[in-house]
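Participant: In this text, residue positions in the sequence shown follow the UniProt record's numbering: the first is 1, and each later residue adds one.
Have a look at this one before I ask anything.
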Amino acid sequence: MSLHFIAYSPDVESIEPDFDENVRTVLAKLEQHITGSLTSDGAGRALREAHAKGYGLVRGEVEILDGLPKEYAQGIYAAPGRHDALVRFSNGSAHPGPDHRLGGAVGLALKMFDVDGPTLLEDEPDSRTFDYNAINAPVFFCSTARHYLFVQELFFRAGAYFTEGRHGRHRFYHDYVTGMGTLPPDEWAWDELLAFLALAQRPMVNVLLSTYTTMGAVRHGDHIAKVRLAPDPTCAAAVVERRMAPAATAEFFRPALVAELRERPYVFDIQVQLCTDPDHMPVEDLTVEWPEWRSPYVTVARLRFPAQDISGPDNLERMDALSFTPWRVPAAHRPLGSIMRARKEAYRRSSLLRHRLNHQERREPRTADEVLPLTAPGPTTTAPEVPGPATGP
């Protein structure tokens, strides 16, 4: 079947009313939360406003595949090559705490090095790094900065809701749907709540077994896309510690990740789904999962982890000092949609404030070795070559 891919143009995005004002309010609350986290969360340092708890920093390499169809061989993927990489695994919650209380929403942030072209960040156009921010769900729980205003407040106060048990959960869901009383009934956020519940109910599995997506759309050269990182099936089948057991221990995500990477290499497939139907594959509505039967995901690159030891406490310190943002990309991979636009300044301001409060130098690394020199724990130091699937639809 021949697919017709929608061409990128600036008018695929729509302008949200009061966007700038809503983003300013989001930023003010974000900065208040980060400043308060110095004392409120018991970590002794300022935390990210989301993904506050990290599970480990992993060294890797991205191999961009040769022979891709021209529609997929766009931007960074236009020519085969290899890039050193760093990956941060984290929980999606705005708070730290025992794993069993934070749930199964897990993020993967990828940073590639030595990438040509200026980034879309005005204060660091020449970093030569390329970031993806992804989470283990295909949809997001809001689509506009207006919605994010009340979602942000609910997440910051989630602990207070859920400690009340059943009554607190019901109040949380009511306040989510009604926008904390700000939305008229015909605008209640049912789709957003359902997307949140789908994310909140993700199974607790080894972070190496999840598939991570950008959720928001991005430009893919001449086209529009979503991107995901999916475990290579052969590598996934070899994982020993698979489903986490919350009843057995308070901390399980990081120990399981450490144990697996000590023993064996691992591979994720980096895959692109091109938009073929803007009505059923919308840019602005992040609660809608793009149907794969309309356009399949196609593998364009592989993220390879050598076997390595990430168990030391310095690993978490190195991880904490890094910044990731979906806007640290060339123009050919521009993030699209209202929420993605809001993330540009939100991620920047979050990083600036967090580094200042923690007395950390905020500097984008030029090489992966600056951050995490690779030391293999055993004789196996490279991920296996994995036969590739067909790269065309």
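Don't be surprised by glycine CBs; every beta carbon is placed ideally from N, CA and C.
Being a predicted model, the structure only gives us computed values, none of them experimental.
Does the Cβ-Cβ distance between residue 94 and residue 19 come in under 8 Å?
Facilitator: Taking 8 Å as the Cβ cut-off, residue 94 and residue 19 do not qualify as a contacting pair.
Participant: Is it a yes or a no for the segment 90-108 touching the segment 250-262, going by three-plus beta-carbon pairs under 8 Å?
Facilitator: Counting Cβ pairs under 8 Å, three or more are found: they touch.
Participant: Starting from residue 273, trace the beta strand (DSSP E) in both directions and tell me its first and last residue.
Facilitator: 266-274 is the extent of the beta strand (DSSP E) around residue 273.
Participant: For residue 372, which residues of its own chain have a beta-carbon under 7 Å away from its beta-carbon, when the five flanking residues on both sides are left out?
Facilitator: Hits under 7 Å: 57, 59, 86, 318.
Participant: Taking the DSSP output, what are the residues bridged to residue 111?
Facilitator: 86, 131, per the DSSP bridge assignment.
Participant: For residue 253, name the three-state secondary structure that DSSP assigns.
Facilitator: Helix, per DSSP.
Participant: What separation, rounded to the nearest whole angstrom, lies between the Cα atoms of residue 13 and residue 238?
Facilitator: Approximately 42 Å between the Cα atoms of the pair.
Participant: Grab me the residues of residue 345's own chain with a C-beta within less than 7 Å of its C-beta, minus the 5 sequence neighbours each way, in chain order.
Facilitator: If we look at residue 345 and ignore the five residues flanking it on each side, its Cβ neighbours are 23, 27.
Participant: If you drop the 5 nearest sequence neighbours on each side, which residues of the same chain put their C-beta closer than 6 Å to that of residue 121?
Facilitator: Only 327, 328 meet the Cβ criterion.
Participant: Unbroken beta strand (DSSP E) runs of length 3 or more, entirely within the segment 164-223: which are they?
Facilitator: Complete beta strand (DSSP E) runs here, min 3: 218-220.
Participant: Between 150, 263, 291, which has its C-alpha nearest residue 176's C-alpha?
Facilitator: Nearest C-alpha to residue 176: 150.
Participant: Going along the chain, which residues of its own chain have a beta-carbon closer than 7 Å to the beta-carbon of residue 283, five neighbours each way excluded?
Facilitator: Within the same chain, residue 283 has close Cβ partners 12, 13, 217, 224, 336, 337.
Participant: Taking the continuous beta strand (DSSP E) assigned at residue 301, which residues delimit it?
Facilitator: Element bounds for residue 301: 297-305.
Participant: Mind reading off the beta-carbon distance from residue 62 to residue 322? Whole number of angstroms is fine, and I expect it under 8 Å.
Facilitator: Not quite, the Cβ-Cβ distance comes to about 16 Å (not below 8 Å), so this is no contact.
Participant: Spatial neighbours of residue 356 within its chain, please: CB distance less than 6 Å, with the 5 preceding and 5 following residues excluded, ordered by chain position.
Facilitator: Excluding residues within five positions, none has a Cβ falling inside 6 Å.
Participant: List the residues that DSSP assigns as beta-bridge partners of residue 56.
Facilitator: In DSSP, residue 56 forms a bridge with 89.
Participant: So, under 8 Å CB-CB, residue 230 and residue 241 are touching, yes? Tell me the CB distance rounded to an integer number of Å.
Facilitator: Actually they are not in contact, since the Cβ atoms of residue 230 and residue 241 sit about 19 Å apart, beyond 8 Å.
Participant: Using only the alpha-carbon positions, how far apart do residue 133 and residue 207 sit?
Facilitator: Whole-angstrom Cα-Cα distance: 15 Å.
Participant: With residue 362 and residue 351 assumed to form a contact (beta carbons below 8 Å), what rounded beta-carbon distance in angstroms separates them?
Facilitator: About 6 Å separates the two Cβ atoms, so the contact holds.
Participant: Using 10 angstroms around the beta-carbon of residue 166, count the other beta-carbons present and answer buried if the total reaches 16, otherwise exposed.
Facilitator: Exposed is the call here.
Participant: What's the gap between the Cα of residue 152 and the Cα of residue 67?
Facilitator: Spanning the two alpha carbons is a distance of roughly 43 Å.
Participant: Going along the chain, which residues of its own chain have a beta-carbon closer than 6 Å to the beta-carbon of residue 43, five neighbours each way excluded?
Facilitator: If we look at residue 43 and ignore the five residues flanking it on each side, its Cβ neighbours are 96.
Participant: So which of 21, 159, 243, 73 has the shortest CA-CA distance to residue 144?
Facilitator: Of the candidates 21, 159, 243, 73, the one whose C-alpha sits nearest the C-alpha of residue 144 is 21.
Participant: To the nearest angstrom, how far is the alpha carbon of residue 254 from that of residue 184?
Facilitator: When rounded, the distance between both Cα atoms is 43 Å.
Participant: Between the Cα of residue 339 and the Cα atoms of 45, 141, 116, which residue gives the shortest distance?
Facilitator: Among 45, 141, 116, the Cα nearest to that of residue 339 is on 141.
Participant: Spatial neighbours of residue 198 within its chain, please: CB distance less than 8 Å, with the 5 preceding and 5 following residues excluded, ordered by chain position.
Facilitator: Cβ within range, chain order: 137, 139.
Participant: I'd like the list of long-range same chain contacts for residue 332, defined as Cβ closer than 7 Å, with 5 residues on each side in sequence excluded.
Facilitator: Result list for residue 332: 74, 75, 219, 221, in chain order.
Participant: Classify residue 108: buried if its beta carbon has 16 or more other beta carbons within 10 angstroms, exposed otherwise.
Facilitator: Looking at its Cβ environment, which holds 16 or more other Cβ atoms inside 10 Å, residue 108 is buried.
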